[in-house]
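**Student:** Following this message is one structure expressed as C-alpha cells.
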Amino acid sequence: MPVAAIREFFKLESAGGICLFFAAVVAIILDNSPLSWLYDSLLTVPVAVQVGALEIAKPLLLWINDGLMAVFFFLVGLEIKREALEGQLSSVDQIALPGVAAIGGMAVPAAIYAYLNWSNPVDINGWAIPAATDIAFALGILMLLGSRVPLAIKVFLTAVAIIDDLGAIVIIAIFYTENLSVTSLAIGVGGLAVCAFLNLRGVTRTAPYILIGIVVWVAVLKSGVHATLAGVLLALAIPLRATDAEGHSPLRHLEHILHPWVAFLVLPAFAFANAGVNFAGMTFSSLLEPLPLGIALGLFFGKQIGVFGATFLMVKTGLARLPEDTTWAMMYGVSLLCGIGFTMSLFIGGLAFDDPAHAAAVRLGVLAGSLMSGTIGYLVLKKAIAARSG
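Written out as C-alpha cells, the structure reads:
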C-alpha cells in the first residue's frame, strides 16, 4: 500500500474502530486454532517492576487492563473535562437530550440482565456489563456511512457515549472497588492535590503532571480502587485554558498526542487480550444461558429501548428537540449502535468475574450483542440516510 494511502487511512475517524475490530478477530482466530496455547501463554507471561521494596508483579493481561487502560481512561477524562467546560456538555440545553438518552441506555440493559440473573448471587454481579457503549466501534461504524451522515447525529452519538463512559466510571468506582488501603489511597489523593495546586498556580508544562500521575497510578493500584480511575481523576486536574503568553493548553496538547496511541495501540491491545473466546464445546444453547443471554439481550434490546425510548419521550414532551437534519429512523439506527458495548463491557466483565468460565460467558454475550447491534444499526442507518437523501 502506498505511503500516501496509509496516511489517508489513519486520518479516517473510523480507522480506530477498524483496528479494534481487526484485533478482536485475530484474538478469536488464535484462540480457536492450534496456536491457542501461544495466545494463552502470552497473556499469562509474568511481568514485574520493582524499585526497592515496592514491587508490582502481574501477568501481561493485567498490565494491559490496569496499565494501558489507565491511559485510555485518562484520555476519556480529558475529553469529559473539555466537553463539560466548552463543548457539547457545557450547557443544560446541549446535555439534556443525550444525557437522558444515556441514562435510559444504561438503566434498561442493566434491568434486563438483572431480571435474567436475579436468582444467581454470583452472576448478578455482572449487571453493569451491558450498560456500556464502545465509542470507538460505534463512531467507526457511523463513519463508514460517509459524509451523508448529518453532523448532528455524530454529535449526539458522541455525547451519549461520553456520558455513558462517565456513568461507567462511576459504576466502577462504587460497585467494583476492593478492600481499601487507607495509606495508599491517601498518597494517591495527595498526588492529585499537588496536581490541582499546580493547575491553580498556572503551571502549563505537562511533565510535572505526568510524573506525579505515575505516582498516583501506583498508589491507587495498591489502594484497592481500580487503577484506571487514577487516569480519570488525574485528567480533571489538567489545565484546559492557557494562562501563559503563548496560549498553550496542556489538556488539548495531551489529547492531541494520546488520541492516535489510544486508537491504534491501547484499545487494539485490550481487544486482542480480552476478546479471545474458545468455542470448543460451545453450542447455540451456550448463548441461551442466563449470563451471556442477559448481556446479549441487554446490549441489543436494552440499549435501543433505553436510548430511543428516552429520546422519544424527551422530544414528544417538549423537553428537547430532535437534532437538526435528522429523522426518527436515524435516531433509531443510532440507538442500535449504542448497543455496541465491546471495550467497556469486556472491561467491566473482567472486574465483575475473574474465573475462566465466567470470562468465556461474558465474552460470548458481549460479542453476540455487539455484533447484532452494529450490523442492524448500520443497515437501519444506511436505509434511513438513503431515504432522506432521496
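As numbered in numbering that gives the first Met the number 0, residues 0 to 389 make up the sequence shown, in order. All C-beta atoms in this analysis are idealised placements derived from N, C-alpha and C, irrespective of residue type, glycine included.
So, helix, strand or coil for residue 339, using DSSP?
**Tutor:** Coil, per DSSP.
**Student:** Pull the bridge partners of residue 45 from the DSSP assignment, please.
**Tutor:** For residue 45, which the question treats as bridged, DSSP gives the partners 58.
**Student:** Do the region 135-143 and the region 104-124 make contact, defined as three or more Cβ pairs closer than 8 Å?
**Tutor:** No, the region 135-143 is not in contact with the region 104-124.
**Student:** Closer than 7 Å by C-beta to residue 250: which residues in its own chain qualify, once you throw out the five before and the five after it? Chain order, please.
**Tutor:** These residues qualify, in order along the chain: 77, 80, 81, 237, 238 and 239.
**Student:** Is residue 0 buried or exposed, if buried means 16 or more other CB atoms sit within 10 Å of its CB?
**Tutor:** Residue placement at residue 0 cannot be trusted, given a pLDDT of 41 that sits under 50; what the coordinates show is reported in the next sentence. By the 10 Å Cβ count, residue 0 comes out exposed.
**Student:** Determine the burial state of residue 164: buried for a count of at least 16 other Cβ atoms within 10 Å of its Cβ, exposed for fewer.
**Tutor:** Its Cβ being crowded by 16 or more others within 10 Å, residue 164 is buried.
**Student:** Is the region 92-102 touching the region 250-262 in the sense that three or more CB pairs, one from each, lie closer than 8 Å?
**Tutor:** Segments in contact, no.
**Student:** How big is the Cα-Cα spacing for residue 286 and residue 183?
**Tutor:** Going by the C-alpha atoms only, they are around 41 Å apart.
**Student:** By the three-class DSSP mapping on this structure, what secondary structure does residue 53 have?
**Tutor:** Of the three classes helix, strand and coil, the one that applies to residue 53 here is strand, per DSSP.
**Student:** If we require 4 or more residues per run, which alpha helix (DSSP H) segments fall completely within the region 158-208?
**Tutor:** DSSP runs (the alpha helix (DSSP H)) wholly in the region 158-208: 181-199.
**Student:** Below 8 Å on the Cβ atoms is my guess for residue 151 versus residue 45; work out the distance and round it to an integer in Å.
**Tutor:** That pair is no contact at about 49 Å.
**Student:** I think residue 103 touches residue 373, with their Cβ atoms under 8 Å apart; what is that distance to the nearest whole Å?
**Tutor:** Their Cβ separation, rounded to whole angstroms, is 20 Å, which puts residue 103 and residue 373 out of contact at 8 Å.
**Student:** Please determine, among 29, 278, 124 and 34, the residue with the shortest C-alpha to C-alpha distance to residue 349.
**Tutor:** For residue 349, the nearest C-alpha among the options comes from 124.
**Student:** In angstroms with no decimal places, state the Cα-to-Cα distance between residue 9 and residue 316.
**Tutor:** Reliability of the predicted coordinates at residue 9 is poor, the pLDDT of 45 falling under 50, and the value obtained from them is presented with this limitation in mind. The straight-line gap from Cα to Cα measures roughly 42 Å.
**Student:** Start and end of the alpha helix (DSSP H) containing residue 117?
**Tutor:** That residue, residue 117, is in no alpha helix (DSSP H); it is neither H nor E in DSSP.
**Student:** What is the rounded straight-line gap between the Cα of residue 122 and the Cα of residue 232?
**Tutor:** Spanning the two alpha carbons is a distance of roughly 30 Å.
**Student:** Taking C-beta to C-beta, are residue 160 and residue 128 nearer than 7 Å?
**Tutor:** Not a contact, by the Cβ cut-off of 7 Å.
**Student:** Report the three-state DSSP secondary structure of residue 258 (helix, strand or coil).
**Tutor:** Correct three-state label for residue 258: helix.
**Student:** Using 8 Å as the Cβ pair cut-off and three pairs as the minimum, do the region 276-284 and the region 29-38 touch?
**Tutor:** Taking 8 Å as the limit for Cβ pairs, the verdict is that the region 29-38 does touch the region 276-284.
**Student:** For residue 273, I'd like the list of residues in its chain whose CB is within less than 6 Å of its CB, leaving aside the five on either flank, ordered along the chain.
**Tutor:** Same-chain partners within the cutoff: 345.
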